[in-house]
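Written out below as structure tokens is the structure these notes cover.
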Amino acid sequence: MAPRLMNGRLAAAAVAATAVLALAPTQASAAPVPQPQAATAENLAAAGRTAAAPDTLATLSRFFAREGKVSLAAAQPRIEGETVPVHYLSPEFVAGKAGASVARLEFLASKAVSSDGQQAALWTAQTAAGWQVVNIATGDDEFRYAQLGAAKLPGGTVFREPQIDAWYVAGGDRVLPLDEDAATAVGAQGTSLAAYRSRVVKAYADKLPGSAYGKSGKAGGFAPTEATAEEASASAARPGSAPAGLPMTAGAVALALGAAGAVAARRARRQRVVRA
114 MAPRLMNGRL AAAAVAATAV LALAPTQASA APVPQPQAAT AENLAAAGRT
164 AAAPDTLATL SRFFAREGKV SLAAAQPRIE GETVPVHYLS PEFVAGKAGA
214 SVARLEFLAS KAVSSDGQQA ALWTAQTAAG WQVVNIATGD DEFRYAQLGA
264 AKLPGGTVFR EPQIDAWYVA GGDRVLPLDE DAATAVGAQG TSLAAYRSRV
314 VKAYADKLPG SAYGKSGKAG GFAPTEATAE EASASAARPG SAPAGLPMTA
364 GAVALALGAA GAVAARRARR QRVVRA
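By my numbering, the letter at position 156 of the sequence shown is numbered 269, and the numbering carries on one by one without gaps.
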């Protein structure tokens with residue numbers, strides 16, 4: 114799957130850790146959305162309430178009906194299960210900052226399910242206006258890998274290396290793979306934390322913001338391929354109104370951000386960006 118695409122408002126908050134979906138030029142320079150500071154019970158509950166709000170469910174109905182798989186009236190989306198924290202590879206870890214954790218919290222995710230069984234992840238972050246859904250992505254990656262990681266290494270931190278779309282669980286001195294991409298990167302049996310750091314430093318340290326690579330403009334986004342732009346455009350909803358705080362967007366293109374050294378649109382995961 115491709116690196117996850119997010120609204121331009123999330124870009125600065127997720128420097129070197131995510132991919133960004135660029136909207137109109139006037140939106141691309143918008144202020145960043147703060148990340149959730151911690152996955153406390155209070156924050157998880159607030160994110161869950163936001164995901165289940167009537168306006169969010171109305172937007173989900175349009176999201177699930179976008180390709181005609183189910184009618185708008187019949188979509189009847191619901192929120193299932195618990196909200197989960199989602200971590201990505203930390204730029205501070207890549208930069209070798211003393212004491213930096215291998216992963217950092219990027220957003221909280223709630224699972225949405227339609228009446229015909231379609232699934233999507235609601236990405237929720239704490240903004241200046243409060244808790245808001247900032248992206249809707251198809252599938253259940255966030256929840257499936259959280260379960261796999263808990264089973265494989267109880268108490269570990271499940272995280273994603275978005276540059277290669279790999280999912281891991283880390284605990285103590287070990288980093289274990291949770292999918293095929295991760296196994297290719299670190300081996301089926303995993304690797305030590307030190308060895309993993311060496312690998313990501315070699316791969317990404319010279320591409321962090323502020324580097325020559327970053328100043329060249331490449332770290333701000335690779336030029337999208339034609340297929341990438343078409344895929345992103347096709348994923349957006351048909352033009353129409355949206356509830357306040359969750360406007361629909363269309364015609365976006367995928368870009369790679371920060372530490373990304375890979376093309377952004379590999380095995381594209383359809384999604385809609387919603388603007389905070």
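All residues carry an ideal CB built from backbone N, CA and C; glycine is no exception.
These numbers come from a predicted model, not from an experiment.
Would the beta-carbon of residue i fall within 9 Å of that of residue j?
i: Ser-227; j: Ala-188; result: yes
i: Leu-235; j: Ala-225; result: yes
i: Ala-152; j: Pro-198; result: yes
i: Phe-220; j: Ala-213; result: no
i: Asp-229; j: Phe-176; result: no
Suppose you measure from the CA of residue i to the CA of residue j; what does that come to, to the nearest Å?
i: Thr-362; j: Thr-172; result: Low confidence applies to Thr-362: its pLDDT is 27, below 50, so where it sits in the model is not reliable, and the reading given next is rough at best. If I take the Cα positions, the gap works out to 12 Å.
i: Tyr-281; j: Val-246; result: 25 Å
i: Asp-319; j: Asp-286; result: 25 Å
i: Glu-274; j: Arg-310; result: 12 Å
i: Gln-302; j: Gly-284; result: 14 Å
i: Thr-240; j: Asn-156; result: 12 Å
i: Val-313; j: Arg-257; result: 24 Å
i: Ala-347; j: Ala-166; result: In this predicted model, Ala-347 has a pLDDT of only 34, less than 50, meaning its place in the structure is not dependable enough to derive any value.
i: Ser-184; j: Thr-304; result: 47 Å
i: Thr-297; j: Leu-202; result: 17 Å
i: Ala-242; j: Asp-294; result: 37 Å
i: Gln-150; j: Ala-264; result: 25 Å
i: Val-271; j: Pro-190; result: 27 Å
i: Leu-261; j: Arg-179; result: 30 Å
i: Ile-249; j: Gly-300; result: 31 Å
i: Pro-290; j: Ala-279; result: 8 Å
i: Leu-306; j: Thr-163; result: 36 Å
i: Gly-181; j: Ala-158; result: 32 Å
i: Asp-254; j: Trp-244; result: 22 Å
i: Tyr-317; j: Lys-210; result: 14 Å
i: Val-174; j: Glu-193; result: Correcting the residue type first, residue 174 is Ser in the shown sequence and not Val. Those two C-alpha atoms are separated by around 15 Å.
i: Ala-208; j: Ala-233; result: 33 Å
i: Ala-186; j: Ala-154; result: 34 Å
Closest by CA to residue i, which one among the options?
i: Pro-267; options: Val-299, Ala-307, Lys-315 and Val-288; result: Val-288
i: Thr-237; options: Leu-321, Val-313 and Thr-169; result: Thr-169
i: Thr-251; options: Leu-202, Gln-239, Tyr-258 and Gln-231; result: Gln-231
i: Ala-216; options: Ala-186, Glu-193, Gly-269 and Pro-167; result: Gly-269
i: Gly-161; options: Ala-233, Ala-154, Thr-196 and Asn-248; result: Thr-196
i: Gln-276; options: Leu-321, Ala-308 and Ala-233; result: Leu-321
i: His-200; options: Ala-308, Ala-208, Lys-315 and Ala-259; result: Ala-259
So for residue i, helix, strand or coil by DSSP?
i: Ala-233; result: strand
i: Thr-196; result: strand
i: Ala-152; result: coil
i: Ser-174; result: helix
i: Val-246; result: strand
i: Pro-190; result: coil
i: Val-161; result: Checking the sequence shown, residue 161 turns out to be Gly, not Val. Looking at Gly-161 - three-state DSSP - the assignment turns out to be helix.
i: Val-183; result: coil
i: Ala-296; result: helix
Which residue marks the beginning of the beta strand (DSSP E) containing residue i, and which one marks its end?
i: Arg-257; result: Where Arg-257 is concerned, there is no enclosing beta strand (DSSP E), although the alpha helix (DSSP H) it sits in stretches over 254 to 265.
i: Glu-219; result: 216 to 226
i: Glu-274; result: 270 to 274
i: Ala-283; result: 279 to 284
If you follow the alpha helix (DSSP H) that residue i is part of, which residue opens it and which one closes it?
i: Lys-315; result: 306 to 317
Taking 9 Å as the threshold (beta carbon to beta carbon), is residue i in contact with chain C?
i: Glu-255; result: No chain C is present in this structure, which holds just one protein chain.
Quick one: is the Cβ of residue i within less than 8 Å of any heavy atom of the ligand ATP?
i: Arg-310; result: The ligand ATP is absent from the structure shown, which contains no ligands of any kind.
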